[in-house]
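Residue numbers for the sequence shown follow our numbering, so the first one is 808 and each next one is one higher.
We put the beta carbon where it would ideally sit given N, CA and C, even for glycine.
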Amino acid sequence: MSLESEIRVLKDERDAVLLAHNYQRPEVQDLADFVGDSLYLARKAREADRAVIVFAGVRFMAETAKILNPSRTVLLPDLGAGCGLADAITAEQLRRWKDDHPGALVVAYINTSADVKAEADVCCTSSNAVKIVEQLPSDREVLFLPDMFLGEFVRRKTGRKIHLWVGDCPVHAKLRPETLARARQEHPGALVVAHPECGCGSQVLPDVDRVLSTDGMVRFAEETRDPEVLVATEVGILHRMRRLNPTTRFEPLDAGAVCPYMKSIDLADVRDSLARLQHRIEVPIAIADRARRALERMVAA
Ligand code: 13P
Ligand code: SF4
C-alpha cells in the first residue's frame, strides 16, 4: 500500500483530521483535510469534532489547537518542528517587559509558546493583527511581540503607540531591501506580494504592492490577472498559488526562503504519528486556561 493510502486508512481508523499549514511540503498539503494560515487552522482546530487532530505545522500551532480544543488528542508528527520566531521571547522576559510598562496591553503574535500567550491580553496572527490592535482602547499603550517587522507594520497602519519586542523570523528577516531590489531588476514589471514578517518592515514593505498573510496570498492568487507575481515569504506557499492560478507566473522573491521547521514533517512522519499516536501535545491546565483567554479574544474579534 502507498504511504498516501496508509495515511487515509489510519486517519479513518483513528477518527483523525489532518491540518496542514501553507508552508508544508506539497505532498503533505495534498493529503490534508484543511490547508491554511495560522488563523484559519486555529479556527478549524477549535471546531474539530474528530477524536484526533494531527497538526502538520509547527509546535506553537499544535499547542494552540490543544488549548482551543482540549478534549481532543493533538499530535505533532515531529517534535523538532519548532519556530525560530517563537523562541525569540520567554514568559520570564515578557513578565519583566510588562513590569517596565505598567498598564500597557500585551498583544502576542500566535507564533509564541503557550506560556508566553498565558501572559498576554490578546493574541493575533498576520491576517488580523491590525484589526486586533485597532480594537484596543486608544488610551492604552501596547506591547507587541515577538516580531518587530510585523509590529512595525501594525504601528504604521494604526498610528498607535506600540512598543516592539526585538525579535524576528530567521526565514523572513533575510528578505531584505537588497533582495527586493535585485528581484525587481530580474523581473521588471512583476507585482510583489510580501508577508508582514519580511525583513526591514519599515523599508521593504512600503515598496511592495501587497502585504498579506499566507491565506491572503492564496486568495490573491485566485483573483489576480497579473502575468507575473513575486512572492516574498516561505516558498511552500507557491504550491497552492500555482495550482489555483496556472496562468500567472508565481516566483519566489528568494528561492532560499525555506523554513526548516515547516519542512521537517514528511509523509512517513504523518503515517507514524497516526499509527503510534505520537507526539501528543499537552499544555499544563493553568497555562492553557490563561492562554485560552488571549486566544479566544482573538478568535472573537
Ligand atoms: P500565517 O499566519 O500568515 O500563515 O504565518 C505563519 C507563519 O509562521 C509565518 O512565518
Ligand atoms: Fe517560525 Fe519563521 Fe518558520 Fe514561520 S517561517 S514557522 S515564523 S521560523
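*Is the closest heavy atom of the ligand SF4 to the C-beta of Leu-982 under 8 angstroms?*
The answer is no for Leu-982.
*Examine the Cβ distances between the segment 1045 to 1057 and the segment 858 to 865 and report whether three or more of them are shorter than 8 angstroms.*
no
*Under a Cβ-count criterion, where at least 16 other Cβ atoms within 10 Å of its own Cβ denotes burial, should Asp-1096 be classed as buried or exposed?*
So Asp-1096 counts as exposed.
*Would you tell me roughly how many angstroms separate the C-alpha atoms of Leu-998 and Asp-946, rounded to the nearest one?*
38 angstroms
*CA nearest to the CA of Val-1118, picked from Thr-1031, Pro-1067, Glu-1035*: Given a span of 808 to 1108 for the chain in the structure shown, any question on residue 1118 remains unanswerable.
*On the three-state DSSP scale, how would you describe Arg-967?*
Coil at Arg-967, not helix or strand.
*Roughly how many angstroms separate the alpha carbons of Glu-926 and Leu-886, rounded to a whole number?*
Between Glu-926 and Leu-886, the C-alpha separation is close to 24 angstroms.
*Buried or exposed: which applies to His-1002, given that a residue is buried once 16 or more other Cβ atoms fall within 10 Å of its Cβ?*
buried
_CA nearest to the CA of Leu-882, picked from Pro-1091, Glu-1103, Arg-1078, His-979_ = Arg-1078
*If you measure from the CB of His-1002, is any heavy atom of the ligand 13P nearer than 8 angstroms?*
Within 8 angstroms of the C-beta of His-1002 there is at least one heavy atom belonging to the ligand 13P.
*asked:* Using only CA atoms, which one of Thr-965, Ser-934, Asn-935 lies nearest to Leu-949?
replied: First, the residue type needs correcting, since residue 949 is Val and not Leu in the sequence shown. Comparing Cα-Cα distances from Val-949 to each of Thr-965, Ser-934, Asn-935, the minimum goes to Thr-965.
_Contact test: Ile-939 Cβ vs the ligand 13P heavy atom, cutoff 8 angstroms_ = no
*Starting from Asp-954, follow its DSSP beta bridges and name the residues at the other end.*
Gly-974.
_Cys-890 Cβ short of 8 angstroms to the ligand 13P heavy atom set_ = Cys-890 Cβ: within cutoff of the ligand 13P.
_Cutting at 8 angstroms between CB atoms, please list the residues of its own chain near Glu-899, excluding the five before and the five after it._
none
*Simplified DSSP state of His-979, which is helix, strand or coil*: helix
*Per the contact definition of three or more C-beta pairs closer than 8 angstroms, is the segment 1018 to 1026 in contact with the segment 827 to 841?*
yes
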